[in-house]
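Everything on this sheet refers to the single structure shown next.
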Amino acid sequence: MWRTTFKQFLILIRRNRFFTFVNLFGISFTIMLVMTIQVTFESHVWPGGPEKNNDKMLFLYRTVISKERSNSIGGVNQRVIEEYILKMKTPKSIGFCSHSDWSNISPKGVNKYQVKMTNAAFMQIFDYKIIDGRIYTEKEVKNSSPVVVISESLRDDLFGKESPLGKTIDIQNTAFRIIGVIKEVPNNCKTSKSDIWYPYTIKKHDLPMLDETGVCSVVFATDNNDNSKAITEELRGVERKIEAVLDGEDVMLPGPYDSLDKYFAGYGDPRYYKGKTVNLLWQIGKMFLVLLVPAISLIALNLTRVQERSEEIAVRKTFGASSMGLIKQILFENFLLTLIGAVIGFVFAWVTLEFFGDILFSELNGNNVTINLSIITFFVCLAISLILSIVSGFIPAIKMSKLKPALVMKGGEL
Amino acid sequence: MIELKNIHKVYRTKNIETVALDNINMKVEEGEFVSIMGPSGCGKSTLLNIIGLIDNPTDGDMSVCNTHINGQKEKQLAAFRNKNLGFIFQRFHLISSLNVLDNVELSLIYRKMSGAKRRKLALETLEKVGLSHRAKHYPSELSGGQCQRVAIARAIVGEPQLILADEPTGNLDSKMSEEIMQILHDLNRDSKTTIVMVTHDEKLAKQTDRVIRFFDGRQVN
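These protein sequence lines map, in sequence, to chains A and B. So for the first sequence, my numbering puts the first residue at 3; every next one is plus one. So for the second sequence, my numbering puts the first residue at 6; every next one is plus one.
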């Protein structure tokens with residue numbers, strides 16, 4: 003039966019070319035849209051590069067300190083990190099960093115570079131690809147050794163292709179010895195991305211007070227048993243310990259967030275963050291809205307087609323097709339059409355991301371963004387195709403299955 | 006084979022009630038070739054559709070192929086039609102997007118049967134109606150007579166006990182009509198298939214075992 007249905011499907015799409023074109027265009031354009039959204043989403047949440055193992059990381063990058071009606075929201079305070087967070091027992095390791103910029107004035111002009119001041123664990127938690135030299139050690143961090151690791155692009159800007167190891171570079175009024183070069187980090191790896199990394203101990207300054215927010219962010223490495231819950235519990239304990247020292251202030255160290263939470267929570271007020279489930283449902287809801295428009299158009303188109311095929315359906319019913327059998331046939335045909343649309347949509351999405359990725363990822367400087375048309379994307383695309391085909395085919399299929407053969411044979415209306 | 010008791014069929018719209026069949030009682034024996042005659046709109050086709058289980062009577066009791074039909078579910082009726090009934094229509098009603106062979110196979114695809122067996126049966130049946138050489142052609146490439154022969158092949162491929170033919174020669178010239186009638190007679194004689202045929206043609210009706218006449222939704226003889 004399915005072979006005949008498939009054969010007939012091929013004939014039908016060839017015969018009614020306008021219908022096929024409109025149908026395929028609607029499906030493929032929608033799937034392209036949804037896939038582009040999905041890929042953009044994935045490139046933020048699972049950016050690959052040094053963050054390819056971010057499913058084994060938790061992030062803490064915000065602090066809220068409240069007293070009566072005043073609130074202060076900022077990054078994590080370095081004193082809190084040194085006196086409390088680094089003493090936590092549950093994380094496999096704890097990395098942290100603060101950020102700044104460095105502008106280099108050269109005959110070519112002014113170039114601005116990102117700087118990260120980190121501990122040694124930060125450099126180890128992320129999967130940086132070292133293309134020359136090494137990263138700094140815990141001992142070098144402890145001894146405040148003026149060593150620096152630079153990115154591939156900074157090396158190219160300053161030294162061309164020759165090895166910069168052992169050379170000195172003057173950054174923010176400190177002379178650093180270059181000890182390593184790291185493969186360029188994609189722009190969508192926001193947490194690990196930098197051009198310059200050096201030990202946080204180099205810059206001497208007084209630690210902030212406990213009731214102040216800071217400028218640091220922390221990354222916890224979880225162990226293989228995924229002890230996220232234990233880390234979260236321990237962090238709640240840290241909050242209580244800090245509150246015990248302070249004079250009536252409430253301290254909130256939101257999270258620690260996994261990559262999905264981090265994406266949804268962003269830099270909004272963490273007190274109002276509803277959690278990833280709510281956000282994910284909201285995201286899926288928006289995607290359904292995007293799908294609803296073509297689905298309605300396809301329903302209308304399919305209903306017209308049902309009218310055209312009423313004689314065939316009447317004959318099939320007369321010769322023994324059950325209503326359920328006909329529903330299955332229509333849904334199968336619709337699914338095949340949607341599948342073709344999905345493949346075209348996949349190609350459209352690839353072309354869009356390849357040629358218009360710079361515009362889509364403009365907030366991340368466009369270039370050097372890892373775009374993964376991954377297996378997850380493919381399956382999401384397949385699932386969407388299936389939903390679209392069921393949604394757009396179901397009502398016409400029901401209408402078709404209710405058709406009265408006797409009426410059609412007489413030449414009556416459906 | 007067929008027994009109808011007090012069959013009524015009324016079509017109702019908001020304002021009008023039309024009686025299509027009024028208290029029909031009839032029997033058709035196994036192996037009979039019966040024709041139903043009457044003027045247009047007298048209820049012949051409605052009766053055929055009711056016997057063919059593609060329309061429901063408003064009231065009455067019936068058995069087809071010695072099976073009591075009342076109260077059966079849609080799925081059961083579909084399976085029953087597929088196994089026991091064959092239909093031939095005046096306007097052929099072949100599926101234009103399928104070739105001749107696929108059209109003939111149509112009633113078999115709703116049975117549990119391998120594709121190869123279906124194909125073999127369909128080709129054998131096309132051979133019987135003299136159209137095996139047209140198996141790969143589409144209905145639009147055939148003449149009216151050939152289309153009706155394909156429709157007959159489609160109706161008989163599943164070896165039904167009962168064939169319902171609604172003016173099978175209505176769209177054909179006299180020569181073609183004779184050919185089609187010959188096929189139906191052969192089928193009735195050789196396979197003992199019961200045939201109920203609606204026709205306007207007195208000459209063709211006389212060739213059958215019995216003629217049942219209708220007027221204004223009533224049986225008149």
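All C-beta atoms in this analysis are idealised placements derived from N, C-alpha and C, irrespective of residue type, glycine included. Owing to the predicted nature of the structure, the values given are computational and were not obtained by experimental measurement.
query                                                                                                                                   : result
Close beta carbons around residue 54 of chain B, own chain, < 7 Å, minus the five adjacent residues each side                           : 60
Counterpart residues of residue 139 of chain B in DSSP-defined beta bridges                                                             : In the DSSP output, where bridge partners are listed per residue, residue 139 of chain B has none listed.
Where residue 224 of chain B falls: helix, strand or coil (DSSP)                                                                        : strand
Every unbroken alpha helix (DSSP H) within the stretch 211-288 of chain A, with a cutoff of 4 residues, ordered by chain                : 230-247, 261-267
Residue from A:393, A:323, A:355 whose Cα sits closest to the Cα of residue 406 of chain A                                              : A:323
Residue 171 of chain B versus residue 194 of chain B - alpha carbon distance                                                            : 20 Å
Residue nearest to residue 126 of chain A in terms of C-alpha spacing, selected from A:107, A:381, A:162, A:99                          : A:99
Beta-carbon proximity of residue 167 of chain A to residue 197 of chain A, cut-off 8 Å                                                  : no
According to DSSP, residues forming a beta bridge with residue 200 of chain A                                                           : A:119
Those residues which DSSP pairs with residue 172 of chain A across a bridge                                                             : A:177
Amino acids of chain B, ordered along the chain, whose beta-carbon sits closer than 8 Å to that of residue 310 of chain A               : The contacting residues do not exist; residue 310 of chain A stays about 11 Å from chain B at best.
Positions along the stretch 37-62 of chain A whose CB lies within less than 9 Å of some CB in chain B                                   : none
Cβ pair residue 213 of chain B, residue 6 of chain B closer than 8 Å                                                                    : no
Between the CA atoms of residue 122 of chain A and residue 237 of chain A - distance to the nearest angstrom                            : 21 Å
C-alpha gap between residue 354 of chain A and residue 32 of chain A, whole angstroms                                                   : 13 Å
Residues, ordered as in the chain, of the stretch 72-89 of chain B that lie near chain A by beta-carbon distance below 8 Å              : 79, 80, 83, 84, 86, 87, 88
Contact under 8 Å by Cβ, residue 78 of chain A with residue 280 of chain A                                                              : no
Backbone CA spacing between residue 173 of chain A and residue 270 of chain A [nearest angstrom]                                        : 32 Å
Whole beta strand (DSSP E) elements within the stretch 38-108 of chain B, 3-residue minimum                                             : 38-42, 64-69, 90-94
Supposed close pair residue 149 of chain A, residue 200 of chain A - CB separation, criterion 8 Å                                       : 7 Å
Residue 115 of chain B at chain A interface by Cβ criterion, 8 Å                                                                        : yes
8 Å Cβ cutoff, residue 13 of chain A in contact with chain B                                                                            : yes
Selection from B:158, B:45, B:203 that minimises the alpha carbon distance to residue 39 of chain B                                     : B:203
Beta carbon proximity, residue 111 of chain B to chain A, threshold 8 Å                                                                 : yes
Contacting positions in the stretch 310-325 of chain A - beta carbon closer than 8 Å to chain B                                         : 313, 314, 316, 317, 318, 319, 320, 321, 322, 323, 324, 325
Residues of its chain near residue 395 of chain A, where Cβ-Cβ distance is below 7 Å and the 5 sequence neighbours each way are ignored : 304, 332, 333, 336
Residue-level contact to chain B via CB, residue 307 of chain A, 8 Å cutoff                                                             : no
Which listed residue (B:12, B:135, B:109, B:143) has its alpha carbon closest to that of residue 127 of chain B                         : B:109
Helix, strand or coil at residue 105 of chain A according to DSSP, with G and I counted as helix                                        : strand
Sufficient close CB pairs (3 or more, under 8 Å) joining the stretch 290-298 of chain A to the stretch 386-404 of chain A               : yes
Rounded separation between residue 47 of chain A and residue 37 of chain A - CA only                                                    : 15 Å
Cross-strand partners of residue 181 of chain B (DSSP beta bridge)                                                                      : In DSSP, residue 181 of chain B forms no bridge with anything.
C-alpha gap between residue 168 of chain B and residue 208 of chain B, whole angstroms                                                  : 20 Å
Stretch-stretch touch, CB-based, cutoff 8 Å, three pairs: the stretch 259-270 of chain A with the stretch 60-67 of chain A              : yes
Under 8 Å between C-beta atoms of residue 52 of chain B and residue 85 of chain B                                                       : no
For residue 144 of chain B and residue 217 of chain B, the rounded distance between their alpha carbons                                 : 33 Å
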